[in-house]
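Here the sequence shown stands for residues -22 to -1, 1 to 334, numbered as in mature numbering (1 follows the signal peptide of the UniProt record, and there is no 0).
No residue lacks a Cβ here, since even glycine has one placed at the ideal position from N, Cα and C.
Scroll down for the structure; my scribbles are underneath it.
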Amino acid sequence: MNKTFKTLTIAVASGAIAFTMAACGSGDTSSENNASSASASDADTQLPVTIKHAFGETTIKEAPQRIATVGWANHEVPLALGQVPVGMSKATYGDDDGDGILPWVEEKLKELGADSGDKKPVLFDETDGIPFEKVADTKPDIILATYSGISQEDYDTLSKIAPVIAYPDMAWGTSLEDMILISSKAIGKADEGKKLSENLDVTIADALEKYPNLKGKKALFTSFGGSSDPSKLGFYSTEDPRMGFLVNHGLTAPKIVEEQSKTADKFWVEVSTENPEQFDDVDVIISYSSGDKAEDEKNVKDMQADPLLSKIPAVKNGNIAFLEDGPLGAAANPSPLAIPWGIDRYFAALNEGLKK
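Written out as structure tokens, the structure reads:
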């Protein structure tokens, strides 16, 4: 196999936001206060709640007013439900302007009047791990880490700051639906979370209707670039929300992905390329772009020249969908605000790969 080809895992660990909707405009102050009180009252009727997770269970007795989030996109649930967090993870992938906030999150913060000043969330740079002191400085009532890879040690440290809602079972394995369900419950907005999930399902279904050729197609989600072990091909299992999202919304998983996902205890698996026929039913391969079209094309040619990989029909025919190295690539990891922003573009990119 050509040494310029490899598979690798994209490290996705950033992003997080949440709510405290301030009254805006110049309307009747008493009406605004009454609306705020009603909102708090609605939340209180859904609490207390005890949520089980990978590190035990956490009980939330009262509606959190100061929400902090760590991990990827956990901020988007409270934001989508109208509540701005006091702190969230800095986006380190997909950020189009270098401000540490993804475009769909910027739009929501602006809508809620929290894109500047004291109302704007503090950003936690998690490049070298969670900055615990900075999280503590935001004085949160709750810390959402529903979709994350926090360790037991991280959990214990965060729990000294505020109650923590961790992932249910597997690190980086929380589905979009569970992220919304768990986080909305934790902040006393379970009913609103259910409605949010239903609305997103409609948005996704409407977008897929524009690309009927995608329905039922078998997709393999991988990542190309660099030079590593040429004897293996890695891909996301259905335990990962990227692949799980596709399976839950109109596409299907190839047999090899289904088989490996049954025993997978992590979101990424690798298999030997010694038997390329195990990928015969793959209709389209999805990968993150290197950011350089020429490099992407070279990766495809390298695969097509490889004696084993070239036997995979999707590789031979060039049915590879590259997701741009930017916001669209980040949006492939489904989240409440990213879906309305980019689902049409996402399906368009997959459809383009299928047509080649």
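Annotation: the continuous beta strand (DSSP E) that includes residue 262 extends over 262 to 266. Nearest Cα to residue 193 within the set 261, 247 and 254: 261. Rounded to whole angstroms, residue 293 and residue 65 show a C-alpha spacing of 43 Å.
By the C-beta criterion, the region 110 to 130 is judged to be in contact with the region 142 to 150, since at least 3 inter-stretch pairs fall below 8 Å.
Per DSSP, the unbroken alpha helix (DSSP H) holding residue 82 starts and ends at 81 to 89. Assignment of residue 185 by DSSP, reduced to helix, strand and coil, places it in the helix class. Nearest neighbour of residue 112 by Cα position, chosen from 46, 81 and 93, turns out to be 46. The Cβ atoms of residue 91 and residue 308 do not sit closer than 7 Å to each other. In the same chain as residue 269, and ignoring 5 residues on each side of it, the C-beta atoms closer than 7 Å to its own belong to 303, in chain order. Between residue 166 and residue 248, the alpha-carbon positions lie close to 40 Å from each other.
The closest CA to that of residue 23, considering only 100, 54, 168 and 221, is found on 168. The C-alpha of residue 224 lies about 18 Å from the C-alpha of residue 257.
If you ignore the 5 residues before and after residue 116, its C-beta comes within less than 6 Å of the C-beta of 46, 64, 65 and 100, all in its own chain and listed in chain order. Pairing residue 321 with residue 160 gives a Cβ-Cβ distance that is not under 7 Å. In the same chain as residue 156, and ignoring 5 residues on each side of it, the C-beta atoms closer than 8 Å to its own belong to 124 and 146, in chain order. Residue state for residue 101 is assigned as strand, using DSSP reduced to three classes. In the DSSP secondary-structure assignment, residue 276 is not bridged to any residue.
Looking at the backbone, the Cα of residue 102 and that of residue 62 are separated by about 15 Å. Counting C-beta atoms within 10 angstroms of its own C-beta, residue 180 has fewer than 16 neighbours from the protein chains shown and is therefore classed as exposed. The criterion of a C-beta distance shorter than 7 Å is satisfied by residue 199 and residue 221. Taken through DSSP and simplified to helix, strand or coil, residue 210 comes out as strand. Residue 113: member of the alpha helix (DSSP H) spanning 110 to 115, first to last residue. Going by beta carbons, residue 76 and residue 69 fall outside the 7 Å limit. CA-CA distance, residue 49 to residue 162, rounds to 16 Å. Beta-bridge analysis with DSSP links residue 298 to 263. If you draw a straight line from the Cα of residue 240 to the Cα of residue 246, it comes to about 13 Å. Under DSSP, residue 198 forms a beta bridge with 263. Residue environment analysis places residue 297 among the buried positions, since at least 16 neighbouring C-beta atoms fall within 10 angstroms of its C-beta. Boundaries of the beta strand (DSSP E) harbouring residue 66: 65 to 67, taken from the DSSP string. A check of alpha carbon separations from residue 244 across 254, 212 and 283 identifies 212 as the nearest.
For residue 230, the pairing in a beta bridge is given by DSSP as 196.
In this structure residue 186 is in contact with residue 227, their Cβ atoms being roughly 7 Å apart against a cut-off of 8 Å.
In the DSSP assignment, residue 150 is bridged to no other residue. DSSP places residue 137 inside the alpha helix (DSSP H), whose first and last residues are 130 to 137.
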